[in-house]
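>
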Amino acid sequence: MKYIDEFRDPQLARKLLADIQAHSKQRVRFMEFCGGHTHAIFRHGLRQMLPPTVELRSGPGCPVCVTASTDLDRAIAMAKNPGVIMATFGDMLKVPGSYGSLQTARAEGADVRVVYSTLDALQIARDHPKQAVIFLGVGFETTAPTIAASILEAEAGGLDNFYVLSLHKLTPPATRAILDAGEVRLAGIIGPGHVTTVIGSRAWEFLPRDYGVPCAVAGFEPLDILRAVAAMVEMVESGQPGVVNAYSRGVRPEGNRTALGIMRRVFEVGEAEWRGLGRVPASGLALRPEYARFDAALAFPVDPGPTREPAGCRCGDVLRGVVEPPDCPLFRRTCTPAQPVGPCMVSAEGACAAWYRYGEADV
Ligand code: SF4
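Residue 429 is where the sequence shown ends in my numbering, and the numbering goes up by one at each step.
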């Protein structure tokens, strides 16, 4: 299939792997920020193909996984308000909060609906003018512009029953937080492909400048990822860290100005709570005061009670790259995709789900 086969060509993959092997002298650990990359790396068996000098470690790039329990609990409490319809992407449904999930809230009578886009949520609001429709805004810079566009559309259409609970997060500050914490030694970052189509590859220039760490932005096919790894090995070995755009068919240095413009019009940057990272300055998106009437956090104040983390779950450590899923005592034992204990096993982008699906059964 054109546009896919050319990025899965086994001969080219072998050549890239030979290049990596030939150039890689120092032992390095690279973090793939993005959960989509984690799944692609596992699906194509790339970890096993790389030379022993190159280790890949999953990062916090799964928006469902990094949603803090306290925020999830608020969303569940809001969904239980009579007259509220909570619209959410499917991945959030089964994530366990302190006292249940959106799915259990639905079983208890809350009106929780899975949508595939914000357009679906807007349509639900139009179809149910006497109910309040809250869209659960979970995602990174890739999703935020579409949510911003939905707010502008609701405003233009005079919809007064559409709200957003904005739990959006920004990826560069989280990467900074991991490097600042210094818990895990990283020689390079594989930049998230989809996010970087929006924010642009220049957004990662702080990595070589402030941390001396190279970054290569990658797409999601095996050759994209191997090219990024090869570029980072070369930068490490030459001692010249920089930012390489190994996804030039999707990413421009300046990003997508239209998407950024819509996002900045509706949202302002603020602190956000991340699972595993805690409160990270300038890493969240809140609605600007001009759009406060769409803000579910203001319209539906709730007190969900004290937060309780799932006992024994090491999602926070997995998201910081400090441990890998098999290091969690619950992995494959009490925690499985059918009975997930933590979000990293629920989400299609979660590292625990990737290890469970593609990893070795005896780890
Ligand atoms: Fe949490 Fe389950 Fe992953 Fe352990 S295996 S860190 S319990 S999601």
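Even for Gly, the Cβ is constructed at its ideal location relative to N, Cα and C. Keep in mind it's a predicted model, so treat the numbers as computed, not measured.
Buried or exposed for GLU207, going by 16 or more other Cβ atoms inside 10 Å?
What you label residue 207 is simply residue 141 of the sequence shown in a count that begins at 1. Buried: at least 16 other Cβ atoms inside 10 Å.
> Might you give, ordered along the chain, the residues of its own chain that have their beta carbon closer than 6 Å to the beta carbon of TYR277, omitting 5 neighbours on each side?
In the sequence shown, counting from the first residue as 1, residue 277 sits at position 211. Once the five neighbours on either side are set aside, the close Cβ partners of TYR277 are LEU245.
> Helix, strand or coil: which one does DSSP assign to ASP428?
Position 362 of the sequence shown, counting from 1, holds the residue named residue 428. Summary for ASP428: the model assigns pLDDT 44, below 50, so the residue's position carries little reliability; its value from the coordinates is reported in the next sentence. Three-state result, ASP428: coil.
> Within a Cβ cutoff of 6 Å, which residues of the same chain sit near ALA427, ignoring the five residues on either side of it in sequence?
Counted from its first residue, the sequence shown places residue 427 at position 361. Any reading at ALA427 is ruled out, since the residue's pLDDT is 49, under 50, leaving its predicted position unreliable.
> Going by the C-beta, is MET411 closer than 7 Å to any heavy atom of the ligand SF4?
By one-based count along the sequence shown, residue 411 stands at place 345. Checking the Cβ of MET411 against the ligand SF4 gives yes.
> Report all residues from its chain with a CB closer than 8 Å to the CB of SER135; omit the five preceding and five following residues, and keep chain order.
For the purposes of this step, residue 135 is taken as residue 69 along the sequence shown, with counting starting at 1. Once the five neighbours on either side are set aside, the close Cβ partners of SER135 are GLY163, SER164, ARG341, THR373, ARG374 and GLU375.
> Would you call the stretch 260 to 273 and the stretch 309 to 318 in contact, with 3 or more CB pairs under 8 Å?
With the cut-off at 8 Å, the stretch 260 to 273 and the stretch 309 to 318 touch.
> Taking 7 Å as the cut-off, does the CB of PHE108 come closer than this to any heavy atom belonging to the ligand SF4?
Position 42 of the sequence shown, counting from 1, holds the residue named residue 108. No, the Cβ of PHE108 stays beyond 7 Å of every heavy atom of the ligand SF4.
> Buried or exposed for LEU185, please, with buried defined as at least 16 other CB atoms from any protein chain shown within 10 angstroms of its CB.
Your numbering for residue 185 matches position 119 in the sequence shown. Label assigned to LEU185: exposed.
> Measure the C-alpha to C-alpha separation of MET97 and VAL283 and round it to an integer number of angstroms.
Your numbering for residue 97 matches position 31 in the sequence shown. Your numbering for residue 283 matches position 217 in the sequence shown. Each residue's Cα considered, the two are about 12 Å apart.
> Per DSSP, which one or two residues make a beta bridge with ASN311?
Residue mapping note: residue 311 aligns to position 245 of the sequence shown, counting from 1. In the DSSP output, where bridge partners are listed per residue, ASN311 has VAL283.
> Sorry if obvious, but does the Cβ on GLY378 come closer than 7 Å to a heavy atom of the ligand SF4?
Taking the first residue of the sequence shown as 1, we reach residue 378 at position 312. GLY378 Cβ: within cutoff of the ligand SF4.
> Please specify which runs of the beta strand (DSSP E), each continuous and at least 3 residues long, are wholly inside the stretch 239 to 283, giving them in chain order.
Runs found: 254 to 257 and 281 to 283.
> To the nearest angstrom, report how far apart TYR55 and PRO195 are at their CA atoms.
Absent from the structure is residue 55, since the part of the chain shown begins at 67 and ends at 429.
> Restricting to Cα atoms, I'd like to know which of ASN322, THR154 and MET298 is closest to GLN87.
Counting from one through the sequence shown, the residue named residue 87 turns up at place 21. Per the Cα distances, MET298.
> Please check the pair GLY254 and VAL389, which I expect to be a contact at CB under 8 Å, by giving their CB distance rounded to whole angstroms.
Numbered from 1 along the sequence shown, position 188 holds the residue referred to as residue 254. Numbered from 1 along the sequence shown, position 323 holds the residue referred to as residue 389. Wrong, their Cβ atoms sit about 20 Å apart, outside the cutoff.
> State the CB to CB distance for the pair SER90 and PRO126, rounded to an integer number of angstroms; the pair is presumed to be in contact (CB under 8 Å).
Along the sequence shown, one-based indexing puts residue 90 at 24. Along the sequence shown, one-based indexing puts residue 126 at 60. The Cβ separation is near 26 Å, so there is no contact.
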